[in-house]
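Undergrad: Counting with the numbering used here, you get residues 1 to 205 for the letters of the sequence shown.
By construction, the Cβ of each residue, glycine as well, lies at the ideal position given by its N, Cα and C atoms.
Computed from a predicted structure; not experimentally measured.
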Amino acid sequence: MVEIRGNRWNPTRSNHERPYRVGVNQVNIRPRQDTDIPMLADILERQQSETEYPFEWPMPYPTEQFIHRPSELRSWVAELNETVVGHVAVQTVQDDDLGRMWADAHDVPIRQLRCISVLFADRRYAGQGIGSALLRTATESALADGGAPVLDVVAHHAAPLNLYRRRGWQEIGRYRTDWLPDDVEPVYVMILPRDQTVVPPEATA
Numbered sequence: 001m002v003e004i005r006g007n008r009w010n011p012t013r014s015n016h017e018r019p020y021r022v023g024v025n026q027v028n029i030r031p032r033q034d035t036d037i038p039m040l041a042d043i044l045e046r047q048q049s050e051t052e053y054p055f056e057w058p059m060p061y062p063t064e065q066f067i068h069r070p071s072e073l074r075s076w077v078a079e080l081n082e083t084v085v086g087h088v089a090v091q092t093v094q095d096d097d098l099g100r101m102w103a104d105a106h107d108v109p110i111r112q113l114r115c116i117s118v119l120f121a122d123r124r125y126a127g128q129g130i131g132s133a134l135l136r137t138a139t140e141s142a143l144a145d146g147g148a149p150v151l152d153v154v155a156h157h158a159a160p161l162n163l164y165r166r167r168g169w170q171e172i173g174r175y176r177t178d179w180l181p182d183d184v185e186p187v188y189v190m191i192l193p194r195d196q197t198v199v200p201p202e203a204t205a
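(1) In three-state terms, what does DSSP make of proline 186?
(2) Between aspartate 96 and glycine 173, what straight-line distance do the alpha-carbon atoms span, to the nearest angstrom?
(3) Would you list the one or two residues that DSSP bridges to asparagine 28?
(4) Measure the C-alpha to C-alpha separation of alanine 121 and leucine 98 and round it to an integer number of angstroms.
(5) Restricting to Cα atoms, I'd like to know which of Arg114, Ala126 and Leu119 is closest to aspartate 145.
(6) So, under 8 Å CB-CB, methionine 190 and valine 153 are touching, yes? Tell me the CB distance rounded to an integer number of Å.
(7) Is any heavy atom of the ligand FMN found at a distance shorter than 7 Å from the C-beta of alanine 133?
(8) When you compare the CB positions of isoleucine 130 and valine 85, do they come within less than 8 Å of one another, or not?
(9) Please report the Cβ distance between alanine 155 and tyrosine 125, rounded to the nearest whole angstrom; I am assuming they are in contact, meaning their Cβ atoms lie under 8 Å.
(10) Using a Cβ-Cβ cutoff of less than 6 Å, which residues in the same chain neighbour alanine 138 once the five nearest sequence positions on both sides are dropped?
(11) Output the residue ranges of the alpha helix (DSSP H) runs that lie fully inside the stretch 123-168 and measure 4 residues or longer, sorted by chain position.
(12) Under three-state DSSP, which class holds leucine 44?
(13) In the DSSP output, what is glycine 86 paired with across the bridge?
(14) Quick check on DSSP: helix, strand or coil for leucine 73?
(15) Between tyrosine 164 and arginine 136, what straight-line distance do the alpha-carbon atoms span, to the nearest angstrom?
(16) Could you work out which residue in Glu72, Asn81, Gln128 and Phe55 is closest to serine 141 when comparing CA atoms only?
(17) Could you spell out the range, first to last residue, of the alpha helix (DSSP H) harbouring glutamine 65?
(18) Using the C-alpha atoms, what's the distance from glutamine 47 back to leucine 40?
(19) Taking all protein chains shown into account, decide if serine 132 is buried (16 or more other Cβ within 10 angstroms of its Cβ) or exposed.
(20) Return the chain-ordered list of same chain residues with a C-beta closer than 7 Å to the C-beta of threonine 63, the five sequence neighbours on each side being excluded.
(21) Any idea if proline 38 is buried or exposed, counting beta-carbon neighbours within 10 angstroms, 16 or more meaning buried?
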């Protein structure tokens, strides 16, 4: 069911390590490697009870498959002091009701959409700007190849929802996914206008 309501960076650095100075620590963002996935799965599993992400839990497939998906275009990890502490990916979008909702809002073909997804961080390092740095990296990458950034977020996930709003993301409607229980509000469907300046990361996520 669909309910419709109504500073670019240097792309030559998109796949290289990018340091962000946040507070007293430096968050380093680099492309994800296969060897990172077991540690990322452990982080995701540990933080789920606190964040309810992923919302569907336990999942009907291994955590590793949630992190590394067939639709993935690019992915990154965040490091603090050479320790992996977070993850984000950019995915292609399926030609379905949700995809068409995003495409109509951006006024682009579905193939041009870039979905920011699998964004999570180790809760032991909350407040270090990890989520903000990961979101910025993925958003910049999506914009660099002419993509149209999109995402969705569970309605009661207040922290990520507020982060996206602060970064200029706009809500274009609500959508009920197959995995969402009937007693839970439809997810927020969001886009980032392609002329939006990417806001620098801050030490709040």
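TA: With the structure as the only source:
(1) coil
(2) 15 Å
(3) Pro19 and Glu79
(4) 26 Å
(5) Arg114
(6) 7 Å
(7) In the structure shown, the ligand FMN is absent, as is every other ligand, since no ligand is present at all.
(8) yes
(9) With a Cβ gap of about 26 Å, alanine 155 and tyrosine 125 do not count as contacting.
(10) Val88, Val90 and Ile116
(11) 130-144 and 158-166
(12) helix
(13) Ala78 and Ala121
(14) strand
(15) 10 Å
(16) Glu72
(17) 63-67
(18) 11 Å
(19) buried
(20) Ala41, Leu44 and Glu45
(21) exposed
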